[in-house]
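Numbering (the working numbering), first residue to last: 314 to 852.
For each residue, glycine too, the CB sits at the ideal point set by N, CA and C.
Keep in mind that this is a model prediction, so the values were computed, not measured.
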Amino acid sequence: MKRLLMLIGVLAALTTSAAPLRIHLIGDSTCATKDLAGENPERGWGQMFEPLFDEGVEVLNHALNGRSTKSFRDEGHWTEVLSDLREGDYLFIQFGHNDQKLNDSTRYALPEAYAENLRRYIREARERGARPVVLTSVVRRHFTDGRLDDTHGAYLDAARRTAAEEHTPLIDAERLTRTWIEGLGDATSRNFFVWVEAGTCPRWPDGREDNTHLNVRGARTVARLIAAQLPATLPELGRHLVGSDFTVARDGSGDFFTLTEAVAAVPDFGRDTTRIVVCEGVYREKISIPATKRLVALTGRGAVTVSWDDHASETGPTGHRLGTSGSSTVYFGGEGWTVRHMTFENTAGRVGQAVAVQCLATNLRFIDCRFLGNQDTLYLYGVGNRDGKRVAENARIRFEGCYIEGTTDFIFGSAAALFRRCEIRSKADSYVTAASTCRGQRCGMIFEECRLTADEGVTSCWLGRPWRDYAQTLFLRCWLGGHIRPEGWHDWDKPRARRTVRYGEYACKGPGAAPKARVGWSRQLSAREARQAIADFDR
Numbered sequence: 314m315k316r317l318l319m320l321i322g323v324l325a326a327l328t329t330s331a332a333p334l335r336i337h338l339i340g341d342s343t344c345a346t347k348d349l350a351g352e353n354p355e356r357g358w359g360q361m362f363e364p365l366f367d368e369g370v371e372v373l374n375h376a377l378n379g380r381s382t383k384s385f386r387d388e389g390h391w392t393e394v395l396s397d398l399r400e401g402d403y404l405f406i407q408f409g410h411n412d413q414k415l416n417d418s419t420r421y422a423l424p425e426a427y428a429e430n431l432r433r434y435i436r437e438a439r440e441r442g443a444r445p446v447v448l449t450s451v452v453r454r455h456f457t458d459g460r461l462d463d464t465h466g467a468y469l470d471a472a473r474r475t476a477a478e479e480h481t482p483l484i485d486a487e488r489l490t491r492t493w494i495e496g497l498g499d500a501t502s503r504n505f506f507v508w509v510e511a512g513t514c515p516r517w518p519d520g521r522e523d524n525t526h527l528n529v530r531g532a533r534t535v536a537r538l539i540a541a542q543l544p545a546t547l548p549e550l551g552r553h554l555v556g557s558d559f560t561v562a563r564d565g566s567g568d569f570f571t572l573t574e575a576v577a578a579v580p581d582f583g584r585d586t587t588r589i590v591v592c593e594g595v596y597r598e599k600i601s602i603p604a605t606k607r608l609v610a611l612t613g614r615g616a617v618t619v620s621w622d623d624h625a626s627e628t629g630p631t632g633h634r635l636g637t638s639g640s641s642t643v644y645f646g647g648e649g650w651t652v653r654h655m656t657f658e659n660t661a662g663r664v665g666q667a668v669a670v671q672c673l674a675t676n677l678r679f680i681d682c683r684f685l686g687n688q689d690t691l692y693l694y695g696v697g698n699r700d701g702k703r704v705a706e707n708a709r710i711r712f713e714g715c716y717i718e719g720t721t722d723f724i725f726g727s728a729a730a731l732f733r734r735c736e737i738r739s740k741a742d743s744y745v746t747a748a749s750t751c752r753g754q755r756c757g758m759i760f761e762e763c764r765l766t767a768d769e770g771v772t773s774c775w776l777g778r779p780w781r782d783y784a785q786t787l788f789l790r791c792w793l794g795g796h797i798r799p800e801g802w803h804d805w806d807k808p809r810a811r812r813t814v815r816y817g818e819y820a821c822k823g824p825g826a827a828p829k830a831r832v833g834w835s836r837q838l839s840a841r842e843a844r845q846a847i848a849d850f851d852r
């Protein structure tokens, strides 16, 4: 019993340590989350804050439009926040815009009262074990002779002084945004606030000129300015920041609602890596990434799925069948993409060929990704292949720690591909791979330290069959489930291919590993040959 209690204690400690850091935001409309009705372009910076972190940080945005240090408490909002504060939580406090409302007794607070209100928030948060942080207000966009007017006056000094007296970290958002907006100038800075031309937005059909509230670009910039202070001011949070150029989020907390929009925004023929973060959700999109969109780091935050349901026999918009290539959910045509923590699926069902991802470009890398479908899930197209075509080099693609599932030929194509520590799951009695490696190509598909598994009831699968005569497929140090047939390989009823394919295994284990029972035209490789295969891919 004593050991059991100790184990429970250890597990509880691990669970606690794994819990994300929490940031509570309280403040006014410049921070608050906005509704998206009527294509609303307005955002609060707090709405855009969480995607700037990895999954080790959770942001709870309690900020509300029109509130001051006084009204936020008087209306009971602070009581709700306080009850949710836990030891170790952060509390970011940013008020000031509405404390200045002289003609509104429900919100107005003299600078001295404003300072005292901040002090109460700080002390009450600390009593709960939370860590308060004071932020000064975001500037209003009012220019006189090329310089921003000071519209916050004594409230700024009150916030700075209170933070110092209470030994509380200060993020001076007013100075940060003043420097930024003055640097842009009067005309250009309008592009970051809610300036809307008449007839362009259903939310404001008559137009709007708002010098206080931020649009998507403005809120994103302010969020990044604040986040940039964290490594020095709050290093525990700073360690969780994730660099990005664009964020995709269905809830409006990103630069774009769809991945298609983010891809379009990637500079053509860029020389530097463009970083895209995609927030949790299912994105119903069919995406074609052209060759001009290169060098991109695409990362999912949370459970992210890109999903579509085309299939080869479906009729397209011109009245012709889509075909296998046309069925793809995502086409990767731009080289140098690194994709992490994403799921790609084709939900057409068991209706024949239905591709989830088609890889045409080289130097693609997929890490901790999932590829879901049935027949032809993952198409390693590369340069393509026709019988007898001689190609010295083809596209090279890496898969690390990925999950790929399907029924028939669900990993197929001509590109050179290295699968390292992936799970390859068969959903039906059929074929795992169908390589179409080009004649003269140095290497084809290589599976290293992968696990080949199967759904319940699946008992009879071949490792591969040759789509084209020079197919190359190797399994190195893999675990093969009992669904793999003893003979291992099939010739697709093309006896001639037995003379030209390169099918091999090295040091595989598991119930499906049967080297002595394999077909005579496959090989059991030596350790040297296995090393050389990896070296050829890395060359």
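Residue i - DSSP class collapsed to helix/strand/coil
| i | result |
| --- | --- |
| Arg-790 | coil |
| Thr-573 | helix |
| Gly-351 | helix |
| Glu-736 | strand |
| Ser-727 | coil |
| Asp-768 | coil |
| Pro-779 | coil |
| Tyr-421 | coil |
| Ala-284 | Residue coverage of the chain in this structure runs from 314 to 852, which leaves residue 284 outside it and unanswerable. |
| Ala-708 | coil |
| Arg-453 | coil |
| Thr-392 | helix |
| Thr-637 | helix |
| Glu-648 | coil |
| Pro-808 | helix |
| Tyr-434 | helix |
| Ala-748 | strand |
Within 9 Å, strictly: CB atoms of residue i and residue j
| i | j | result |
| --- | --- | --- |
| Ala-438 | Leu-404 | yes |
| His-654 | Ser-739 | no |
| Ala-741 | Asn-687 | yes |
| Val-579 | Thr-587 | yes |
| Ile-710 | Cys-672 | yes |
| Arg-798 | Ser-835 | no |
| Val-451 | Thr-490 | yes |
| Arg-755 | Ala-705 | yes |
| Gly-823 | Gln-837 | no |
| Ala-748 | Trp-780 | yes |
| Asp-782 | Gly-701 | yes |
| Pro-576 | Phe-570 | According to the sequence displayed, residue 576 carries Val and not Pro. Not a contact, by the Cβ cut-off of 9 Å. |
| Val-668 | Leu-611 | no |
| Thr-534 | Arg-488 | no |
| Arg-552 | Val-590 | no |
Cβ neighbours of residue i in the same chain (closer than 7 Å, five flanking residues each side left out)
| i | result |
| --- | --- |
| Glu-495 | Arg-460, Leu-461 |
| Thr-546 | Pro-482, Ile-484 |
| Glu-510 | Gly-520 |
| Gly-636 | Ala-625 |
| Met-314 | Confidence in Met-314 is poor, its pLDDT being 47 and thus under 50, which makes the residue's placement unreliable; the coordinate value appears in the next sentence. There are no such residues. |
Cβ neighbours of residue i in the same chain (closer than 6 Å, five flanking residues each side left out)
| i | result |
| --- | --- |
| Ala-840 | none |
| Thr-656 | Thr-618, Arg-683 |
| Glu-842 | none |
| Gly-649 | Arg-607, Leu-608, Asn-676 |
| Gly-322 | Bear in mind that a pLDDT of 49 at Gly-322, under 50, signals an unreliable position, so the number given afterwards is only what the model happens to contain. Around Gly-322: no qualifying Cβ. |
| Val-832 | Glu-800, Trp-802 |
| Ala-326 | Because Ala-326 sits at a pLDDT of 42, beneath the cut-off of 50, its placement in the model cannot be relied upon, and the following sentence gives the value as read from the coordinates. Hits under 6 Å: none found. |
| Pro-828 | Gln-837 |
| Arg-453 | Thr-464, Asn-524, Thr-525 |
| Phe-456 | Asp-499 |
| Ala-467 | Pro-424 |
| Glu-713 | Ile-680, Arg-733 |
Cut-off 8 Å between Cβ atoms - residues of its own chain near residue i, not counting five sequence neighbours on either side
| i | result |
| --- | --- |
| Glu-388 | Arg-380 |
| Ala-422 | Ser-381, Thr-382, Lys-383, Asp-412, Asn-430 |
| Leu-324 | In this prediction, Leu-324 has a pLDDT of 45, which is less than 50 and means its spatial position is unreliable; nothing more can be read from the coordinates. |
| Thr-328 | Confidence at Thr-328 is low in this model, with a pLDDT of 39, below 50, so its placement is unreliable and no value can be given for it. |
Test: residue i CB closer than 9 Å to a CB of chain C
| i | result |
| --- | --- |
| Ala-536 | Absent from the structure is chain C; it holds one protein chain and no more. |
Do the stretch 374 to 381 and the stretch 594 to 610 make contact, defined as three or more Cβ pairs closer than 8 Å? no
Margin query: Would you call the stretch 363 to 376 in contact with the stretch 410 to 421, where contact means no fewer than 3 C-beta pairs closer than 8 Å?
Written below: no
### Task
Tell me the start and end of each unbroken alpha helix (DSSP H) in the stretch 539 to 613 that is at least 4 residues and wholly inside, in chain order.
543 to 546, 548 to 551, 572 to 578
Query - At least 3 beta-carbon pairs within less than 8 Å: the stretch 349 to 369 vs the stretch 381 to 396 - result: no
**Asked** Is the stretch 727 to 734 touching the stretch 760 to 774, taking contact as three or more C-beta pairs under 8 Å?
**Response** yes
Across the stretch 491 to 510 and the stretch 470 to 482, are there enough close Cβ pairs to call them in contact, namely three or more that are closer than 8 Å?
no
Inside the stretch 461 to 548 only - beta strand (DSSP E) runs reaching at least 3 residues: 506 to 509, 521 to 528
Continuous alpha helix (DSSP H) assignments of at least 4 residues falling wholly in the stretch 355 to 408:
382 to 387, 390 to 397
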